[in-house]
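Peer 1:
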Amino acid sequence: MRASAIAVAADEHRRDERPLPPDADFGDATPGKIGMWIFLLSDATMFAGLLLAYGVLRGGSEVWRPPGQPELGINFTAGLTFLLICSSVTMVLGYVALTEGDRRTSVRLLLLTALGGILFLCGQYHEYFGIWHPGLSEQGLGFGSSAYASTFYVTTGFHGAHVLSGVVLLLLTALAVGRGKADVHDVEAVGLFWHFVDLVWILVFTLIYLIPE
Amino acid sequence: MRHARHESRKQYWVIWLYLLFLTLAEVGAANISSLSRIWVVSALLLLAVVKAALVGLFYMHLAHETNVLKWTVVIPMASPVLYAFVLIAEARWRLL
Chain A
17 MRASAIAVAA DEHRRDERPL PPDADFGDAT PGKIGMWIFL LSDATMFAGL
67 LLAYGVLRGG SEVWRPPGQP ELGINFTAGL TFLLICSSVT MVLGYVALTE
117 GDRRTSVRLL LLTALGGILF LCGQYHEYFG IWHPGLSEQG LGFGSSAYAS
167 TFYVTTGFHG AHVLSGVVLL LLTALAVGRG KADVHDVEAV GLFWHFVDLV
217 WILVFTLIYL IPE
Chain B
7 MRHARHESRK QYWVIWLYLL FLTLAEVGAA NISSLSRIWV VSALLLLAVV
57 KAALVGLFYM HLAHETNVLK WTVVIPMASP VLYAFVLIAE ARWRLL
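As they're listed, the protein sequences go chains A and B.
To convert, note that position 143 of the first sequence is 159 in this note's numbering; the numbers rise steadily by one, no gaps.
To convert, note that position 40 of the second sequence is 46 in this note's numbering; the numbers rise steadily by one, no gaps.
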């Protein structure tokens with residue numbers, strides 16, 4: 017009896033689409049948006065831990081890249097960075113389209129964003145294992161062979177797992193928007209996650225790839 | 007309202023151009039061999055912070071949020087920089 021009363025209350029709550037009154041501290045940010053920000057901050061501490069470990073190991077070593085291990089390719093990765101930046105702009109345009117009530121354009125832009133993520137993952141696979149030329153793992157950069165190799169694979173792999181999660185989230189959201197089951201707030205929350213993945217990559221690209229020896 | 011959204015669309019493309027330009031600047035800075043390492047590293051870190059700030063402020067809409075939400079995000083995001091500075095300096099000091 018009590019359980020069904022809770023189910024009815026929860027159902028009514030979901031149907032209640034009246035906007036919340038502006039909060040004194042958080043303005044008109046929805047609880048969903050604040051929840052996503054809290055999640056992103058906890059996720060950021062995980063990336064901070066990995067990047068700190070990398071910084072301490074690199075800072076405390078006389079020679080960071082052991083002789084015989086390959087350098088990381090900057091130009092190819094700059095292309096991947098550009099891909100993520102492009103996918104961030106399609107994400108935010110998809111959000112704007114939905115605020116204008118244009119579901120069809122919003123779905124297309126969300127799918128285009130997911131495609132950017134899929135291409136990024138293909139690029140990362142190529143970088144690790146090689147598709148059209150030998151990958152880093154075939155050039156002597158084996159996981160566990162040095163701190164240089166391990167911090168590279170752990171940090172970029174953890175980021176890649178985020179890109180994969182983002183792609184799944186984007187595809188599910190595009191489906192929900194197409195069916196009319198997701199609103200602008202849902203798309204904004206997914207957008208926050210996607211832009212966060214882009215933001216973290218900006219830092220990973222600089223710290224892991226660009227800082228010279 | 008439609009005009010405002012048109013403006014925001016234009017702003018998103020302008021930010022995209024800035025991000026593209028800054029990425030090219032990063033690749034250029036990483037390849038400069040005539041500058042000393044400290045200057046190259048400082049320039050790269052500055053460029054990365056500017057890019058991350060552009061994404062956070064405009065694509066993640068932090069620029070339009072209340073000050074409480076802005077600080078709620080910025081303080082935890084920025085504090086690892088302090089730990090990094092202390093821990094990396096300590097690791098380097100032990101090498102001396």
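Glycine included, every Cβ here is placed at the ideal spot set by N, Cα and C.
Straight-line CA distance for V79/A to E143/A?
Peer 2: Rounded to the nearest angstrom, the two C-alpha atoms are 23 Å apart.
Peer 1: On the three-state DSSP scale, how would you describe G76/A?
Peer 2: Correct three-state label for G76/A: coil.
Peer 1: When the Cα of V33/B is compared with those of L93/B, A49/B, Y18/B, which residue comes out closest?
Peer 2: V33/B has its Cα closest to that of A49/B, out of L93/B, A49/B, Y18/B.
Peer 1: Which of the residues in the region 40–59 of chain B, read from start to end, lie with their CB under 8 Å from any CB of chain A?
Peer 2: Flagged, chain order: R43, V46, V47, L50, L51, L53, A54, K57, A58.
Peer 1: Residues of chain A with CB closer than 7 Å to the CB of G62/B, please, in chain order.
Peer 2: The contacting residues are L215.
Peer 1: With burial defined as no fewer than 16 other Cβ atoms inside 10 Å of the residue's Cβ, what is the status of L157/A: buried or exposed?
Peer 2: It counts as buried.
Peer 1: Would L226/A pass as an interface residue toward chain B - the criterion being a Cβ-Cβ separation below 8 Å?
Peer 2: Yes, its Cβ sits closer than 8 Å to a Cβ of chain B.
Peer 1: Note down the Cα distance separating V55/B from M83/B, rounded to an integer number of angstroms.
Peer 2: Those two C-alpha atoms are separated by around 11 Å.
Peer 1: Under 8 Å between the Cβ atoms of T29/B and T172/A?
Peer 2: The answer is no: Cβ separation not under 8 Å.
Peer 1: Expressed to the nearest angstrom, what Euclidean distance is found between the alpha-carbon atoms of L23/B and M107/A?
Peer 2: For L23/B and M107/A, the distance between alpha carbons rounds to 16 Å.
Peer 1: Between the Cα of L68/B and the Cα atoms of T115/A, S162/A, T129/A, K49/A, which residue gives the shortest distance?
Peer 2: Out of T115/A, S162/A, T129/A, K49/A, K49/A has the C-alpha closest to the C-alpha of L68/B.
Peer 1: In the DSSP assignment, what residue or residues form a beta bridge with D39/A?
Peer 2: Paired residue(s): G43/A.
Peer 1: Would you kindly check if the distance between the Cβ of V170/A and the Cβ of L66/A is under 8 Å?
Peer 2: Result yes, Cβ atoms of L66/A and V170/A sit closer than 8 Å.
Peer 1: Is there at least one Cβ from chain A nearer than 8 Å to A31/B's Cβ?
Peer 2: It does not: the Cβ of A31/B has no partner Cβ on chain A nearer than 8 Å.
Peer 1: Would you mind sorting Y1/B into buried or exposed? The rule is 16 or more other CB atoms within 10 Å of its CB.
Peer 2: Summary: the structure shown does not reach residue 1/B, with chain B confined to residues 7 through 102, and so no result is reported for it.
Peer 1: Rounded to whole angstroms, what's the CA-CA distance from G207/A to G51/A? Just pull it up for me.
Peer 2: So the two alpha carbons sit approximately 13 Å from each other.
Peer 1: Could you check the C-alpha separation between A165/A and L41/B for me, to the nearest Å?
Peer 2: Going by the C-alpha atoms only, they are around 27 Å apart.
Peer 1: Quick one: is D118/A near chain B, going by C-beta distance under 8 Å?
Peer 2: So no, D118/A is outside the interface.
Peer 1: Which residues in chain B sit within 8 Å of T222/A, going by Cβ to Cβ distance?
Peer 2: Those are E32, L50, L51, L53, A54, listed as they occur along chain B.
Peer 1: Taking H178/A as the reference, which of M62/A, V123/A, V72/A has the closest Cα?
Peer 2: The shortest C-alpha separation from H178/A is found at M62/A.
Peer 1: Quick one: grab the DSSP three-state call for K197/A.
Peer 2: Of the three classes helix, strand and coil, the one that applies to K197/A here is coil, per DSSP.
Peer 1: Roughly how far, in whole angstroms, is the beta-carbon of G182/A from the beta-carbon of G139/A, given that I think they are within contact range, below 8 Å?
Peer 2: G182/A to G139/A, Cβ: 15 Å. No contact.
Peer 1: If you measure between the beta carbons of T121/A and A113/A, is that distance less than 8 Å?
Peer 2: The answer is yes: Cβ separation under 8 Å.
Peer 1: Kindly say whether V112/A, judged by its beta-carbon, lies nearer than 8 Å to any beta-carbon of chain B.
Peer 2: Answer yes: the Cβ-Cβ gap between V112/A and chain B drops below 8 Å somewhere.
Peer 1: Could you tell me the distance, in whole angstroms, from the CA atom of M7/B to the CA atom of R15/B?
Peer 2: Note that M7/B scores a pLDDT of 44, beneath 50, so its modelled location is shaky; the value from the coordinates is reported in the next line. Taking the straight line from one Cα to the other gives about 12 Å.
Peer 1: How long is the line joining the alpha carbons of N37/B and L88/B, rounded to whole angstroms?
Peer 2: About 28 Å.
Peer 1: Here's a check: name, in chain order, each residue in its chain whose Cβ is nearer than 8 Å to the Cβ of V233/A, leaving out the five neighbours to either side.
Peer 2: Because chain A is modelled from 17 through 229, residue 233/A falls outside the range shown and cannot be assessed.
Peer 1: Residue range of the alpha helix (DSSP H) that H142/A falls in?
Peer 2: It spans 119–145 - the alpha helix (DSSP H) in which H142/A sits, taken as one unbroken run.
Peer 1: Can you tell me whether M62/A is helix, strand or coil according to DSSP?
Peer 2: M62/A falls in the helix class under three-state DSSP.
Peer 1: Run through chain A and tell me which residues come within less than 7 Å of W22/B, C-beta to C-beta.
Peer 2: Chain A residues near W22/B: I101, V105.
Peer 1: Chain B partners of L2/A, CB-CB under 7 Å?
Peer 2: Nothing about residue 2/A can be reported from this structure: the residues present for chain A run from 17 to 229 only.
Peer 1: Under a Cβ-count criterion, where at least 16 other Cβ atoms within 10 Å of its own Cβ denotes burial, should D214/A be classed as buried or exposed?
Peer 2: By the neighbour-count rule (16 or more Cβ atoms within 10 Å), D214/A is buried.
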